[in-house]
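Q: Numbering (my numbering), first residue to last: 2 to 370.
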Ligand SMILES: [Zn+2]
Ligand SMILES: [Zn+2]
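#1: Given a threshold of 16 other Cβ atoms within 10 Å of its Cβ, counted over all protein chains shown, does residue 48 qualify as buried or as exposed?
#2: Could you tell me which residues DSSP pairs with residue 139 in its beta bridges?
#3: From the DSSP output, which residues share a beta bridge with residue 321?
#4: Should residue 247 be counted as a contact of ligand 2 given a C-beta to heavy atom distance under 8 Å?
#5: Please state the DSSP three-state secondary structure of residue 353.
#6: Measure from the alpha carbon of residue 260 to the alpha carbon of each residue in 283, 241, 247, 17, then state which is nearest.
#7: Consider the C-beta atom of residue 72 and the heavy atoms of ligand 2; say whether any pair is separated by less than 8 Å.
#8: Answer yes or no: do residue 119 and residue 214 have a C-beta to C-beta separation smaller than 9 Å?
#9: I need the DSSP call for residue 38, collapsed to helix, strand or coil.
#10: Suppose you measure from the CA of residue 271 to the CA of residue 320; what does that come to, to the nearest Å?
#11: Confirm the yes/no value for this check: CB of residue 162, any heavy atom of ligand 2, distance under 8 Å.
#12: Going along the chain, which residues of its own chain have a beta-carbon closer than 7 Å to the beta-carbon of residue 148, five neighbours each way excluded?
#13: What is the residue span of the beta strand (DSSP E) that residue 109 lies within?
#14: Can you determine whether any heavy atom of ligand 2 sits closer than 8 Å to the C-beta of residue 310, and answer yes or no?
#15: So what does residue 234 bridge to, in DSSP terms?
#16: Can you tell me where the alpha helix (DSSP H) holding residue 127 begins and where it ends?
#17: Specify the secondary structure class of residue 291 as computed by DSSP and reduced to three states.
#18: What number of angstroms, rounded off, separates the C-alpha of residue 342 from the C-alpha of residue 244?
#19: CB-CB under 6 Å to residue 358, same chain, minus the five flanking residues each way: which ones, in chain order?
#20: Return the chain-ordered list of same chain residues with a C-beta closer than 8 Å to the C-beta of residue 304, the five sequence neighbours on each side being excluded.
#21: Using only alpha-carbon positions, find the residue among 158, 264, 127 that is nearest to residue 167.
#22: Fully enclosed by the segment 175-202, which beta strand (DSSP E) runs are 3 residues long or longer?
#23: Would you say residue 136 and residue 246 are within 9 Å of each other, going by their C-beta atoms?
#24: Starting from residue 243, follow its DSSP beta bridges and name the residues at the other end.
#25: Tell me whether residue 237 counts as near ligand 2, meaning its Cβ is closer than 8 Å to at least one heavy atom of that ligand.
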C-alpha cells in the first residue's frame with residue numbers, strides 16, 4: 002500500500018489556503034462518508050485518507066513538517082500520531098519498556114527513504130527535462146503481493162494471540178501486554194511461505210522511474226518523489242525517494258545562482274579599435290559591440306540570458322568576461338608591423354598605456370620612500 006500525497010488526496014495545489022483545504026475536504030467527506038456508503042471498504046479508505054490529509058494540512062506545524070519532509074515528517078508509523086516522529090517513537094519506547102511489549106501497530110514500519118544522485122547538464126537544468134532512473138529497492142513481492150504467503154494460500158490468524166500481535170499476562174497487580182512470541186507481533190502465521198520472497202513479502206528489485214526535472218534546478222537541489230522509497234514493513238507506508246541534482250561542469254559557462262559567466266577572448270586589435278563579436282548563449286548566439294580601448298577584465302552583461310531559477314521570477318544574466326589575447330605564431334611581416342607600432346608609440350610617451358603609467362608611478366613612489 003502506497004500512501005498518497007496529501008495535496009493529491011484533496012485535489013488541491015500546494016499553496017492552497019485553509020479555506021480551500023476545508024472546502025475540498027468537505028466535498029470528499031460528503032462523498033465518502035461511511036454513513037452514505039455502508040460497508041463499502043474503498044469508500045471508507047477514501048474517507049480516512051481525506052480526513053488524515055485534512056488534519057495534517059490544517060495544522061500549520063504539521064503542514065510545514067509535511068512540506069519539508071513528506072510523510073516522514075508527520076506520521077510516526079501510526080496514523081494520527083504526534084506531530085514529530087521522534088515523539089511517538091520515544092513514547093512507545095518509554096511505555097513499551099514499562100508495560101512490556103509494543104502494540105501490534107508499532108510493528109508497522111515505514112520504508113526507508115532512498116537517495117539517488119542524478120547528474121544533469123547545465124542545459125537540462127536551464128530548460129527542465131524528464132529522465133528515467135533505475136533504482137534498486139526492496140519492493141512488495143509481486144508473486145504474493147506482499148503477504149508473504151504462497152499464491153492460493155493466505156496467512157492464518159495467529160492462534161496464540163488471535164491476531165492481536167500481543168498477549169496479555171497477569172503479573173500481580175498489572176496486566177502486562179507482550180509481543181506475541183509465536184507471530185512476533187504480526188498477528189499472522191504464514192504456513193506456506195511464498196517461494197519468491199521466502200515469506201518476507203518484500204523482494205529486491207530494480208525499478209524504473211520517470212523523474213521530472215523542473216526548470217532552473219541547481220546543484221544540490223533535492224526533488225522528493227513521494228512514496229517511491231522502500232516499501233514499508235507489515236503494512237507500513239513506503240518511504241520517499243530523494244533525487245539529488247548534480248550539475249556537470251560546462252565547457253563554456255559557469256553558473257552562479259541564476260547568473261551565468263563565460264570568458265570571451267578578443268584580439269588586441271579588436272580591443273584597441275573596437276568591433277562586434279559573437280558570444281554564445283544557452284539559446285544560441287548573441288552579438289556584443291566592443292567599444293574601442295576595451296581592457297582585459299571588462300564585463301559585458303547580457304540581461305535575461307542567464308537561468309530562471311526554481312524560486313525566481315525572472316531570468317538571470319549572462320556575464321561575459323573579456324580577455325585580451327596576446328597574438329602567437331606571428332609571421333615576419335606581422336612582427337615588423339608590431340615593431341613599427343611600438344617605435345611610433347614610444348615617441349608619444351606613456352599616454353597609450355594608462356594602466357602601465359599609473360603602475361609605474363606607484364612603483365616609483367614605493368621605491369623612493
Ligand atoms: Zn512473495
Ligand atoms: Zn500471535
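For each residue, glycine too, the CB sits at the ideal point set by N, CA and C. Only a predicted model underlies this, so the values are computations on that prediction, with no experimental measurement involved.
A: The answer reads as follows:
#1: Under this definition residue 48 is a buried residue.
#2: Residue pairing by DSSP places residue 139 opposite 205 in a beta bridge.
#3: Residue 321 is bridged to 263, 301.
#4: No, since every heavy atom of ligand 2 falls outside the 8 Å radius drawn around the Cβ of residue 247.
#5: Residue 353 carries a helical assignment under DSSP once its states are collapsed to helix, strand and coil.
#6: Among 283, 241, 247, 17, the Cα nearest to that of residue 260 belongs to 283.
#7: Annotation for residue 72 indicates a beta carbon at 8 Å or more from all heavy atoms of ligand 2.
#8: Going by C-beta atoms, residue 119 is nearer than 9 Å to residue 214.
#9: In the structure shown, residue 38 adopts coil according to DSSP, grouped into three states.
#10: So the two alpha carbons sit approximately 19 Å from each other.
#11: For residue 162, the CB falls within less than 8 Å of some heavy atom of ligand 2.
#12: Within the same chain, 155, 156, 202 come within 7 Å of residue 148 by CB-CB distance, once the 5 residues on both sides are set aside.
#13: Note, residue 109: premise wrong, no beta strand (DSSP E); not H, not E.
#14: No, Cβ of residue 310 sits at least 8 Å from all heavy atoms of ligand 2.
#15: According to DSSP, residue 234 bridges with 110.
#16: Start and end: 123-128.
#17: Reduced to three states, the DSSP call for residue 291 is strand.
#18: Cα to Cα, the separation comes out at about 60 Å.
#19: 351.
#20: Counting only residues of its own chain and dropping the five nearest sequence neighbours on each side, residue 304 has a CB closer than 8 Å to the CB of 318.
#21: It is 158 whose Cα lies nearest to the Cα of residue 167.
#22: The qualifying runs are 175-180.
#23: Cβ atoms of residue 136 and residue 246: not closer than 9 Å.
#24: 116, 225, per the DSSP bridge assignment.
#25: For residue 237, the Cβ stays outside the 8 Å cut-off from all heavy atoms of ligand 2.
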